[in-house]
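Asks: Chains as they are written, first to last, in the UniProt record's numbering: chain A, 1 to 629; chain B, 1 to 629.
Backbone N, C-alpha and C fix where the C-beta goes; we use that ideal spot for every residue, glycine too.
Submitted below is the structure of interest, expressed as structure tokens.
Written out as structure tokens, the structure is:
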């Protein structure tokens with residue numbers, strides 16, 4: 001799903017020869033003074049992006065698994081790949097017998113460190129490309145290996161690239177400028193706000209490496225990575241200088257030069273100096289060479305090890321989330337308005353899709369792929385559509401149990417009246433990003449399917465309707481989504497929600513709702529996250545109900561210690577199929593929630609469907625939003 | 001509450017002169033080569049105990065605050081003390097104007113590190129006694145100070161002791177041996193199990209510093225610290241040797257020598273070598289001097305910095321929880337049986353107390369102190385009673401809002417028909433430890449009091465009745481306890497539950513239920529924790545409902561991926577006052593839970609009351625356990 005031109009399907013990639021070549025490179029002293037005994041291939045690119053460009057799909061290239069998360073490690077004797085519960089099925093189908101699948105999150109699965117320590121001969125050297133491993137991961141891995149008598153070695157030449165003969169080029173797409181009507185705040189004001197934070201923390205420099213943070217900062221968008229409107233760049237901000245590292249060929253467009261005030265900066269401290277993308281390393285070295293004894297450089301601890309280690313340790317001030325990441329997460333009024341508009345347009349497309357599916361499925365002509373294509377076609381008719389925000393998960397019956405399934409010709413199933421259909425899809429519009437999952441049955445669902453759907457719905461509602469104090473971290477809400485499933489001995493092996501960008505990455509930090517207690521930042525009004533519990537019955541069906549929700553102030557009866565309360569407002573306004581519910585399992589409060597949600601869908605999306613003259617979809621919407629009584 | 005002979009009450013301690021003397025010591029080069037600019041006074045003793053002996057109450061001595069958690073820091077100009085939400089009120093009442101109260105958990109409160117950095121002059125030296133700061137705390141503090149240009153300095157002589165002229169002696173009470181009928185497993189088998197873990201992890205030595213772990217390991221109990229049946233000791237276990245560091249005068253009792261097989265060990269590897277308590281430092285130094293290149297020493301990262309730093313870093317294998325801590329937490333069948341018996345006896349005493357209170361309160365003669373004394377008297381009549389497990393919190397009306405209140409003559413209120421009464425109490429019996437909170441009204445509670453009580457009850461039930469997968473960490477259950485309060489804008493500023501020892505510390509790791517995501521270990525069957533949500537209305541009343549609960553297997557309808565499910569079984573069997581409930585706010589499921597709980601109280605405790613011939617209490621129990629219909 002991460003790769004644009006992925007040809008890997010659900011049949012395993014044959015990797016014997018590639019592994020032989022890689023192992024040869026691991027022994028080849030062209031790359032290092034001494035051979036290495038293991039080589040780590042992380043998932044990301046030099047910006048630690050979750051979705052990556054084809055040229056950066058090194059882990060997929062070596063093992064065949066093309067999910068969005070996973071780390072491969074190759075030793076002389078072994079090849080193993082770690083991924084999480086979303087991908088267990090997919091990975092086992094995409095990798096050949098040369099590979100061992102390491103199922104993260106299961107008790108019996110060793111960590112990468114423990115596994116390496118258990119199999120490596122004494123005093124082994126473990127190599128990794130320092131550009132594609134994050135500084136914090138390097139530190140943990142290095143510490144573990146060192147304490148066991150091994151060492152972690154930075155290998156400057158990427159060994160996958162060395163054996164990847166037809167590796168694609170790095171993309172350099174046209175840049176799009178966004179005006180205040182979309183962003184609500186100018187890049188100049190964002191720079192000023194950043195500098196205020198730097199002053200507060202007594203920091204002299206800030207290094208931005210995350211692509212979405214750079215796009216957000218400059219109110220620019222690109223198309224370098226499919227689904228994510230970002231562009232390859234680095235930025236270094238000082239108190240009086242701004243350095244942008246980007247393929248300089250991209251900066252010839254006069255509108256863009258004007259937007260960035262490249263030729264006539266309004267103030268000297270808002271003048272942007274541009275440098276080639278590749279020169280970030282040497283520029284940062286030059287900056288660090290000139291640091292005063294008290295100067296500090298702010299960098300995310302998830303930035304690449306290579307760039308982080310340029311900064312001398314005493315001058316380094318690592319943070320789990322950058323000020324840009326935090327500022328970007330709290331949407332302003334303009335962005336919220338844009339996100340609302342994008343979700344209404346998206347709902348129009350989905351209502352049309354579902355009305356169409358209902359009509360076409362009995363003919364037996366709709367497949368997972370054609371349904372996904374239809375969804376894209378309908379979305380593309382909406383104003384300011386840019387593209388999808390991630391590859392559509394369109395899955396029938398057993399395919400639905402593959403959590404991040406993507407339909408391919410060899411796996412493609414036909415939609416029928418007999419199986420559950422799950423579609424998880426979303427789009428990029430210039431005014432916002434969407435991400436929605438609906439699970440439907442076009443015939444008569446089984447009692448078990450309805451039961452599971454209803455537990456998932458109860459979890460979805462429990463999160464969506466939760467009221468909680470200001471300052472609550474998202475992970476404290478995760479169990480609300482699971483309680484109904486747990487009560488029946490069921491569960492799902494993924495988090496409940498992720499941050500969502502505004503015409504940016506569909507997955508963004510620093511907030512989320514997960515049982516994993518990563519260092520998530522407290523939820524605050526204006527943040528936008530997904531709410532997507534699920535249930536997956538291997539070999540049979542998958543269920544997920546996902547809305548994108550906005551954190552809003554709540555006004556409960558009391559206000560303990562004046563802390564204030566928060567709750568969620570659904571931005572996604574697409575009916576949840578009543579046919580899949582066992583309404584007897586719902587409490588009155590839950591029924592009320594469903595009815596009120598459907599009333600709002602009908603009112604808001606109905607008006608837009610009417611305006612667009614989409615009658616069949618409107619009829620479908622009205623029927624699907626009948627109150628449950 | 002931690003101090004046995006505490007004379008500090010709720011009026012502030014006058015600390016001006018003491019601070020003057022301490023600051024003089026901070027400048028006195030008798031203690032170090034250069035003066036220090038700040039001195040940290042942590043809460044604990046050299047074993048990082050939560051409850052401490054009078055000789056170790058240094059933080060209380062310097063600032064007056066005698067709660068169980070808090071850290072004082074004194075600089076030339078400032079004196080500040082950090083504590084958590086349980087103690088905000090108490091600390092503000094016990095400290096004079098020389099001290100600033102730092103309310104932990106509030107957004108605006110700086111961390112100790114940030115505060116120090118914000119006020120210290122450049123290149124400051126911050127001192128601390130390395131024996132009473134844990135290694136992990138030292139590391140964090142040292143790193144933060146160093147990165148800001150300061151340094152953390154180990155001051156070998158404790159500066160509080162230097163100004164504390166009448167400091168009490170370290171206790172050395174008689175040791176009690178526990179047979180298999182209480183422990184279920186011999187100390188020899190515990191040593192063998194420990195060595196198995198050491199072999200698995202390739203470790204050659206294990207250093208035990210936590211007093212409850214040492215007591216548990218040897219099936220011994222002491223009375224060195226009030227409420228906690230432990231004794232001052234260290235233990236170092238090798239693959240063939242066992243070294244016990246303890247006041248040697250304690251080892252003269254023939255039964256004890258026999259229990260430990262000091263004179264005739266059954267096997268050489270189970271022979272215990274005894275050493276004076278103080279010699280642990282030099283013995284560990286000697287062990288470390290003889291380590292082979294691959295030898296590793298296992299020590300808890302919460303052990304003292306002083307002892308941890310004896311072990312060379314390359315040989316050190318720090319862990320958040322020791323294998324003893326983990327083994328101790330999972331109670332065996334004998335321990336569970338003992339805990340159940342202890343809780344039945346405890347319930348007998350409380351039923352008697354409440355029947356007595358009901359009779360006596362109208363006379364206006366019962367106070368917080370006399371009620372607490374009565375509770376202790378009634379408990380002491382039960383078989384195998386040893387003492388209280390913590391100071392009884394007996395609080396009326398506004399005193400109930402002081403979360404860890406302890407009644408003192410100057411704060412003592414009379415129990416009336418008009419105010420809420422909260423009693424949180426527990427005892428040590430030879431077969432188990434108890435901890436129970438009940439909140440009652442002997443007249444007519446207000447609608448608001450009932451409403452709050454009912455939300456707290458809903459939270460209590462939500463945790464107690466929760467079904468969750470094997471391997472779930474306790475912190476994932478915390479929000480269940482808060483959801484009903486949150487929905488009305490209310491909350492409580494403490495965790496929901498803590499591990500409970502078996503005739504050991506009433507607070508123990510490694511499991512618990514808290515919004516703080518400390519590194520808690522997953523819950524497993526046999527673990528015992530408390531379930532104690534609350535609500536506190538400052539100046540008015542406090543509510544808490546606490547049961548000790550046992551983690552037991554659950555058998556829900558399904559069994560996803562064969563993970564198995566868990567739930568809780570209440571060990572505490574004391575009626576929850578129906579008069580305080582607004583039963584209209586309870587769901588049918590919650591009502592059923594209350595009725596079933598009361599049925600069990602009546603059946604189990606009723607039988608024991610009958611056996612003991614305690615008629616009035618039995619009548620009270622039967623009346624208080626009438627089903628709600």
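Is residue 275 of chain B closer than 8 Å to residue 419 of chain B when the C-beta atoms are compared?
Replies: In the second chain, residue 419 of chain B corresponds to position 419, counting from 1. In the second chain, residue 275 of chain B corresponds to position 275, counting from 1. It is not a contact, given that the beta carbons lie outside the stated cut-off.
Asks: Can you check DSSP and say which residues form a bridge with residue 542 of chain A?
Replies: Indexing the first chain from 1 puts residue 542 of chain A at position 542. The partner list for residue 542 of chain A (beta bridge, DSSP) reads A/536.
Asks: Listing by chain order, which chain B residues have their CB less than 8 Å from the CB of residue 107 of chain A?
Replies: Taking the first chain and counting its residues from 1, one reaches residue 107 of chain A at position 107. Within chain B, the residues near residue 107 of chain A are 471.
Asks: Around the Cβ of residue 496 of chain B, are there at least 16 other Cβ atoms within 10 angstroms (buried) or fewer (exposed)?
Replies: The count along the second chain starts at 1 and reaches residue 496 of chain B at position 496. So residue 496 of chain B ends up on the buried side.
Asks: Quick one: which chain A residues come within Cβ less than 7 Å of residue 468 of chain B?
Replies: Position 468 of the second chain holds residue 468 of chain B. Per Cβ cutoff of 7 Å: 486.
Asks: Is there at least one Cβ from chain A nearer than 8 Å to residue 321 of chain B's Cβ?
Replies: Counting from one through the second chain, the residue named residue 321 of chain B turns up at place 321. No, residue 321 of chain B does not count as interfacial toward chain A.
Asks: Three or more C-beta pairs under 8 Å: does that hold for the region 123-141 of chain A against the region 528-547 of chain A?
Replies: no
Asks: Could you work out which residue in B/67, B/216, B/246, B/508 is closest to residue 632 of chain B when comparing CA atoms only?
Replies: Missing from the structure shown is residue 632 of chain B; chain B here goes from 1 to 629 and no further.
Asks: How should residue 630 of chain A be labelled, buried or exposed, when 16 other C-beta atoms within 10 angstroms of its C-beta is the threshold for buried?
Replies: What is shown of chain A runs 1 to 629, which leaves residue 630 of chain A out entirely.
Asks: What in chain B is Cβ-close to residue 505 of chain A, meaning under 7 Å?
Replies: The residue labelled residue 505 of chain A in the question sits at position 505 within the first chain. Per Cβ cutoff of 7 Å: no residues; residue 505 of chain A is ~26 Å from chain B at best.
Asks: Counting only beta-carbon separations shorter than 8 Å, does residue 13 of chain A have a partner in chain B?
Replies: If you number the first chain from 1, residue 13 of chain A lands on position 13. No, residue 13 of chain A does not count as interfacial toward chain B.
Asks: Does the CB of residue 531 of chain A have a neighbour CB from chain B at under 8 Å?
Replies: Walking along the first chain from the start, residue 531 of chain A turns up at place 531. So no, residue 531 of chain A is outside the interface.
Asks: Report the residue ranges of all beta strand (DSSP E) runs contained in full by the region 333-403 of chain B; include only those spanning at least 3 residues, in chain order.
Replies: 385-388, 393-396
Asks: Tell me the DSSP secondary structure of residue 19 of chain B in three-state form.
Replies: Here residue 19 of chain B refers to the residue found at position 19 when the second chain is read from its first residue. Residue 19 of chain B: helix per DSSP, three-state reduction.
Asks: Count the other CB atoms, across all protein chains shown, that sit within 10 Å of the CB of residue 523 of chain A; report buried if there are 16 or more and exposed otherwise.
Replies: Looking up residue 523 of chain A in the first chain gives position 523. With 16 or more Cβ atoms within 10 Å of its Cβ, residue 523 of chain A is classed as buried.
Asks: Among residues of its own chain, excluding the 5 on either side of residue 227 of chain B, which ones have a beta-carbon nearer than 8 Å to its beta-carbon?
Replies: Against the second chain, residue 227 of chain B aligns to sequence position 227. Cβ within range, chain order: 51, 387, 388, 389, 390, 391, 428, 506.
Asks: Going by DSSP, which residues form a beta bridge with residue 233 of chain B?
Replies: For the purposes of this step, residue 233 of chain B is identified with residue 233 of the second chain, where counting begins at 1. Answer is B/246, bridged to residue 233 of chain B.
Asks: Cutting at 8 Å between CB atoms, please list the residues of its own chain near residue 618 of chain A, excluding the five before and the five after it.
Replies: Against the first chain, residue 618 of chain A aligns to sequence position 618. For residue 618 of chain A, the CB contacts under 8 Å within the same chain, skipping 5 residues up- and downstream, are 351, 606, 609, 610 in chain order.
Asks: Mapping the DSSP letters down to three states, classify residue 628 of chain A as helix, strand or coil.
Replies: As a first step, residue 628 of chain A must be located in the first chain, where it is residue number 628. Note: residue 628 of chain A maps to coil in three-state DSSP.
Asks: Is the region 227-236 of chain B touching the region 177-193 of chain B, taking contact as three or more C-beta pairs under 8 Å?
Replies: no
Asks: Could you check if residue 240 of chain A is buried or exposed, using at least 16 other CB atoms within 10 Å of its CB as the buried criterion?
Replies: As a first step, residue 240 of chain A must be located in the first chain, where it is residue number 240. Classification for residue 240 of chain A: exposed.
Asks: What's the gap between the Cα of residue 40 of chain A and the Cα of residue 71 of chain A?
Replies: To locate residue 40 of chain A, count along the first chain from 1; it is residue 40. To locate residue 71 of chain A, count along the first chain from 1; it is residue 71. The alpha-carbon atoms of residue 40 of chain A and residue 71 of chain A are separated by roughly 7 Å.
Asks: Examine the Cβ distances between the region 355-367 of chain A and the region 449-459 of chain A and report whether three or more of them are shorter than 8 Å.
Replies: no
Asks: Kindly list, in the order they appear in chain A, the residues whose Cβ is closer than 9 Å to that of residue 526 of chain B.
Replies: Taking the first residue of the second chain as position 1, residue 526 of chain B is located at position 526. Simply none; closest approach about 17 Å.
Asks: Nearest by alpha-carbon distance to residue 464 of chain A: which of A/572, A/284, A/622 is it?
Replies: Within the first chain, residue 464 of chain A is the residue found at index 464, counting from 1. Closest by alpha carbon: A/572.
Asks: Quick one: does residue 16 of chain B have its CB under 8 Å from some CB of chain A?
Replies: The residue labelled residue 16 of chain B in the question sits at position 16 within the second chain. False, the Cβ-Cβ gap to chain A never drops below 8 Å.
Asks: Taking buried to mean at least 16 other C-beta atoms within 10 Å of its own C-beta, is residue 294 of chain A buried or exposed?
Replies: The count along the first chain starts at 1 and reaches residue 294 of chain A at position 294. So residue 294 of chain A ends up on the exposed side.
Asks: Please report whether the beta-carbon of residue 479 of chain B lies at a distance below 8 Å from any beta-carbon of chain A.
Replies: Looking up residue 479 of chain B in the second chain gives position 479. Cβ-Cβ to chain A under 8 Å: yes for residue 479 of chain B.
Asks: Quick check: what's the CA-CA separation for residue 589 of chain A versus residue 482 of chain B?
Replies: Within the first chain, numbered from 1, the residue matching residue 589 of chain A stands at position 589. Within the second chain, numbered from 1, the residue matching residue 482 of chain B stands at position 482. When rounded, the distance between both Cα atoms is 18 Å.
Asks: Identify whether residue 631 of chain B lies in helix, strand or coil by the three-state DSSP scheme.
Replies: The first residue shown for chain B is 1 and the last is 629, placing residue 631 of chain B beyond what the model contains.
Asks: Nearest CA to the CA of residue 666 of chain B: which residue from B/62, B/30, B/29?
Replies: Lying before the first or after the last residue shown, residue 666 of chain B is absent from chain B, which here runs from 1 to 629.
Asks: Kindly list, in the order they appear in chain A, the residues whose Cβ is closer than 7 Å to that of residue 560 of chain B.
Replies: In the second chain, the residue the question calls residue 560 of chain B occupies position 560. Under the 7 Å cutoff, chain A gives 489, 490, 491.
Asks: Measuring only between beta-carbons, confirm whether residue 565 of chain A sits less than 8 Å from chain D.
Replies: Absence of chain D from the displayed structure is noted, the protein chains being A and B.
Asks: Taking Cβ to Cβ, would you say residue 487 of chain A is nearer than 8 Å to residue 500 of chain A?
Replies: Here residue 487 of chain A refers to the residue found at position 487 when the first chain is read from its first residue. Here residue 500 of chain A refers to the residue found at position 500 when the first chain is read from its first residue. Cβ distance not < 8 Å, so residue 487 of chain A and residue 500 of chain A don't count as in contact.
Asks: Relative to chain B, which residues along the region 209-231 of chain A have a C-beta separation below 8 Å, given in chain order?
Replies: none
Asks: According to the neighbour-count rule (16 or more other Cβ atoms, all chains shown, within 10 Å of its Cβ), is residue 624 of chain B buried or exposed?
Replies: Numbered from 1 along the second chain, position 624 holds the residue referred to as residue 624 of chain B. By the neighbour-count rule (16 or more Cβ atoms within 10 Å), residue 624 of chain B is buried.
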